[in-house]
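The next block holds one structure in the form of structure tokens; read it before the comments.
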Amino acid sequence: MRVNLLPTVASLFVAASLLSACNQNQPSTGAATDTPTSGAISVSVDETFAPIIKSEVDTFQKLYQNAKVTAYYKPEQEAVQDLLDDKVRVAVLSRELNGAEKAAFDRMKLVPRATRIATDGLAIIVHPSNPDSLLSVPQLRDIFTGKTQQWSQVSGKKNLAAINVVFDANRSSTTRYIQDSVTRGAALTPRAFAAKSNSALLDYVASHPNAIGVVGANWISDRDDAAVQKFLKSVRVVGVSTKTGAPNSDDYVQPYQAYLALKTYPLTRSVYVISREARTGLGTGFTSFVAGNQGQLIILKSGLLPAIGQMRVVNTNKL
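Just so we're aligned: the sequence shown equals residues -20 to -1, 1 to 299 in mature numbering (1 follows the signal peptide of the UniProt record, and there is no 0).
So, in structure tokens, the structure goes:
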């Protein structure tokens, strides 16, 4: 299906005006040198979402050639700190701001805006030779806390060494999510380490049969992307179930669009654009684009679940 991404400039300005209406009493930071479709702006992005945000930035700049959006991809907490330090006006995160961060903006007399743009899933990946491609959330909890340290404890097969758990980076959103939602605050296994980037994580799992990694779904969901095709040939995406010892393979699902839409994949999170912009500038324009029809179609094509728009899920039966 061919998607027409030609935007309606008028609608973009209307959306931008609506977004800024609630903040018209906020002080403006710096000179008004940009507009919703022109000028230059820096954006800090949780590296987990690099593939999808690169597509959004590239398309936005092609459509608005007087706009320059420079995205910096880094661990979640560094992206948040950039926003607090006024190094950027916009950040892309997997969470809204917490109480301490909101209080910091209150002291600055700024009201940051959080715009939800997508639902993401965290993919659990293993080496293609690993026989354990179906895991339950309780099994993952035991692996990530170190209660289960050998693959033989999972499948009974002894052809693999001790389990190595690999994350993308220190202070990343994936590490935080696993500790918050899977280990429930328990410390991670001593055999866990950071690979420093998502691409390095994928390469490590592809070359180490005993490894298990956690990566954002948009790194493995866009089947039209050559890099994704390469990754999928070198790693195996684990099916995850909420049930312990689920007997039916249909109980195990992967973080693909249909399962995100049906809310059957257990490791999901929302994606937000957080803006501290106090006027209708390029940050507002870029946010409006990503949250609008054109930006949401890009998210849909990437394999994530867009925040707006209708999804059609088709069930097929074998004859």
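We put the beta carbon where it would ideally sit given N, CA and C, even for glycine. Note that the structure is predicted; figures quoted are calculated from it, not measured.
Report task. Report the rounded CA-to-CA distance for S109 versus F266, giving the unit in angstroms. Result -> The sequence position of residue 109 within the sequence shown is 129, counting from 1. The sequence position of residue 266 within the sequence shown is 286, counting from 1. Between the alpha carbons of S109 and F266 lies a distance of about 43 Å.
Report task. Just grab the DSSP bridge partners of T99 for me. Result -> Taking the first residue of the sequence shown as 1, we reach residue 99 at position 119. In the DSSP secondary-structure assignment, T99 is bridged to S250 and L285.
Query raised in the report: For K48, which residues does DSSP report across the bridge?
Result: The residue labelled residue 48 in the question sits at position 68 within the sequence shown. According to DSSP, which records beta bridges pairwise, K48 is partnered with A20.
Query raised in the report: With a CB to CB cut of under 8 Å and the five nearest residues on each side skipped, what residues in its chain are close to Y252?
Result: Here the question's residue 252 lines up with position 272 in the sequence shown. Non-local beta-carbon contacts of Y252 in its own chain, meaning distances under 8 Å to residues more than five positions away in sequence, involve V72, L73, S74, R75, E76, A94, T95, R96 and I97 in chain order.
Query raised in the report: Among the residues of its own chain, which have a CB less than 8 Å from the CB of R171, if the five just before and after it don't count?
Result: Numbered from its first residue, the sequence shown carries residue 171 at position 191. Counting only Cβ-Cβ distances below 8 Å, and skipping sequence neighbours, we find G126, Q129, A142, I143, N144 and V145.
Query raised in the report: Based on the DSSP output, what are the partners of I192 in its beta bridges?
Result: Taking the sequence shown and counting its residues from 1, one reaches residue 192 at position 212. Under DSSP, I192 takes part in a beta bridge, and its partners are V106 and V145.
Query raised in the report: Could you check where the beta strand (DSSP E) with L114 kicks off and where it finishes?
Result: Position 134 of the sequence shown, counting from 1, holds the residue named residue 114. Boundaries of the beta strand (DSSP E) around L114: L114 to S116.
Requested in this report: Would you tell me roughly how many angstroms separate the C-alpha atoms of K223 and Y245, rounded to the nearest one?
Outcome: In the sequence shown, counting from the first residue as 1, residue 223 sits at position 243. In the sequence shown, counting from the first residue as 1, residue 245 sits at position 265. Roughly 12 Å between the two C-alpha positions.
Query - Exposed unless 16 or more other CB atoms sit within 10 angstroms - verdict on residue 309 - result: As displayed, the chain neither begins before -20 nor continues past 299, which places residue 309 out of reach and without an answer.
Query - Check whether V195 and A271 have beta carbons under 8 Å apart - result: Here residue 195 is taken as the residue at index 215 of the sequence shown, counted from 1. Here residue 271 is taken as the residue at index 291 of the sequence shown, counted from 1. Taking C-beta atoms as the reference points, V195 and A271 fail to come closer than 8 Å.
Report task. Buried or exposed for D62, please, with buried defined as at least 16 other CB atoms from any protein chain shown within 10 angstroms of its CB. Result -> Indexing the sequence shown from 1 puts residue 62 at position 82. With 16 or more other Cβ atoms inside 10 Å of its own Cβ, D62 counts as buried.
Query raised in the report: What does DSSP give as the partner residues of T15 in its beta bridges?
Result: Counted from its first residue, the sequence shown places residue 15 at position 35. In DSSP, T15 forms a bridge with S18.
Query - Straight-line gap, K67 to E257 (C-alpha atoms, nearest Å) - result: On the sequence shown, residue 67 is found 87 positions in, with the first residue counted as 1. On the sequence shown, residue 257 is found 277 positions in, with the first residue counted as 1. One C-alpha to the other measures close to 12 Å.
Query raised in the report: Are at least three pairs of beta-carbons, each pair with one atom in the region 207 to 218 and one in the region 178 to 196, less than 8 Å apart?
Result: A contact exists between the region 207 to 218 and the region 178 to 196.
**Report entry** Reduced DSSP category for Q129 - H, G, I as helix; E, B as strand; rest coil
**Finding:** Locating residue 129 in the sequence shown gives position 149, counting from the first residue. For Q129, the three-state secondary structure derived from DSSP is coil.
Report task. Out of S268, L64 and I192, state which residue places its alpha-carbon closest to the alpha-carbon of M88. Result -> In the sequence shown, the residue the question calls residue 88 occupies position 108. When only C-alpha atoms are compared, the closest one is L64.
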